[in-house]
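Numbering (this note's numbering), first residue to last: 2 to 297.
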């Protein structure tokens with residue numbers, strides 16, 4: 002499986018999110034590292050022709066990540082209906098390309114240690130929407146609906162859902178890679194992790210702990226820790242922290258609340274501890290981040 006390590010260097014801003022229908026689709030790709038695009042093809046094939054003349058056909062029902070090393074043109078034959086749902090974000094980022102065929106299990110495990118689901122993600126190059134990627138199209142469609150609202154609440158919700166999409170794509174990448182390395186987890190464990198993630202989404206504003214989450218999904222704490230890291234590629238606590246800080250960033254973008262109010266909104270009773278965690282996760286202080294956001 003071909004995939005990319007994508008490290009975001011700033012806050013992603015949704016540039017375009019919509020469903021495109023065309024009988025003559027054509028798009029030039031210039032290798033820009035300030036735009037990142039995820040696309041789900043629901044009708045018709047798309048052909049990518051690289052500048053060196055090499056062509057790749059992405060069939061109907063495919064998920065596709067548009068990356069800077071794709072320099073050339075995508076198109077469909079004239080008179081052929083193409084429909085795809087796409088989200089294009091503007092954000093500076095770095096990327097590294099990997100392939101499980103050339104990457105050892107040990108190297109992949111080490112790579113997982115650098116993924117924080119806040120700024121750094123593992124994103125697959127392509128996949129089938131009717132298989133492991135079945136969750137992707139509904140997520141892209143929801144992002145598109147919120148983007149169409151064009152208000153502050155819609156923008157905040159769109160940004161939050163986009164980061165959830167990147168987290169989901171990372172989960173899929175890890176799941177497929179582990180299966181290829183012969184280190185997969187049973188479907189029941191994946192479902193338990195999904196329930197744990199849903200619980201976090203519903204209760205992150207509360208002072209929840211790993212035992213609380215384990216109790217909610219009916220597992221021992223140690224077993225949940227083991228399967229969560231296998232499925233998601235990050236520890237349970239790191240995921241919870243990244244989720245809370247992601248919500249905090251959305252609140253900063255949506256208003257002018259002070260740190261202690263935002264801390265309370267995302268499950269931290271101690272604003273000073275929240276500020277330390279925020280700096281560790283984001284790389285700059287709460288106040289510096291707030292200034293950057295409201296300058297734009």
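Virtual Cβ for every residue (Gly too), placed ideally from N, Cα, C. Since the structure is predicted, the reported quantities are computational estimates derived from the model, not experimental observations.
One or two residues paired with residue i in a DSSP bridge
| i | result |
| --- | --- |
| residue 252 | Residue 252 is not bridged to any residue. |
| residue 290 | Residue 290 is not bridged to any residue. |
| residue 37 | 90 |
| residue 56 | 50 |
| residue 97 | 6 |
| residue 14 | 91 |
| residue 30 | 73 |
| residue 83 | 23 |
| residue 42 | 85 |
For residue i, three-class secondary structure by DSSP
| i | result |
| --- | --- |
| residue 73 | strand |
| residue 4 | strand |
| residue 125 | strand |
| residue 47 | strand |
| residue 227 | helix |
| residue 163 | helix |
| residue 9 | strand |
| residue 64 | strand |
| residue 137 | helix |
| residue 120 | coil |
| residue 104 | coil |
| residue 299 | Absent from the model: residue 299. The displayed extent of the chain is 2 to 297, so no value can be given. |
| residue 264 | helix |
| residue 203 | helix |
| residue 172 | helix |
| residue 220 | coil |
| residue 296 | helix |
| residue 214 | helix |
Selected residue, minimal CA-CA separation from residue i, among the options
| i | options | result |
| --- | --- | --- |
| residue 105 | 213, 178, 252 | 178 |
| residue 283 | 5, 4, 9, 172 | 9 |
| residue 167 | 3, 13, 2 | 13 |
| residue 146 | 88, 135, 226, 76 | 88 |
| residue 76 | 103, 30, 37, 266 | 30 |
| residue 18 | 183, 143, 172 | 143 |
| residue 245 | 118, 98, 23 | 118 |
| residue 151 | 292, 200, 15, 296 | 15 |
| residue 99 | 70, 86, 220 | 70 |
| residue 298 | 108, 286, 252 | Nothing about residue 298 can be reported from this structure: the residues present for the chain run from 2 to 297 only. |
| residue 28 | 54, 59, 74, 50 | 74 |
| residue 281 | 141, 212, 216, 239 | 239 |
| residue 133 | 175, 24, 101, 95 | 175 |
| residue 139 | 121, 66, 20, 208 | 20 |
Pair within 8 Å by beta-carbon distance, residue i and residue j
| i | j | result |
| --- | --- | --- |
| residue 234 | residue 123 | yes |
| residue 272 | residue 258 | no |
| residue 225 | residue 241 | no |
| residue 56 | residue 48 | yes |
| residue 126 | residue 289 | no |
| residue 228 | residue 180 | no |
| residue 116 | residue 186 | no |
| residue 93 | residue 34 | yes |
| residue 157 | residue 255 | yes |
| residue 84 | residue 43 | yes |
| residue 129 | residue 62 | yes |
| residue 72 | residue 58 | no |
Nearest-angstrom Cα separation, counted from residue j out to residue i
| i | j | result |
| --- | --- | --- |
| residue 5 | residue 218 | 32 Å |
| residue 131 | residue 222 | 33 Å |
| residue 230 | residue 81 | 44 Å |
| residue 171 | residue 162 | 14 Å |
| residue 300 | residue 22 | Any answer about residue 300 is impossible in this case: the structure gives the chain only from 2 up to 297. |
| residue 165 | residue 113 | 18 Å |
| residue 247 | residue 37 | 19 Å |
| residue 277 | residue 7 | 25 Å |
| residue 110 | residue 202 | 26 Å |
| residue 183 | residue 103 | 15 Å |
| residue 97 | residue 210 | 34 Å |
| residue 86 | residue 197 | 29 Å |
| residue 199 | residue 294 | 29 Å |
| residue 270 | residue 141 | 34 Å |
| residue 304 | residue 95 | Because the chain is modelled from 2 through 297, residue 304 falls outside the range shown and cannot be assessed. |
Any non-hydrogen atom of the ligand SAM within 7 Å of residue i CB
| i | result |
| --- | --- |
| residue 205 | Only the bare structure without any ligand can be found here, which leaves the ligand SAM out of the picture. |
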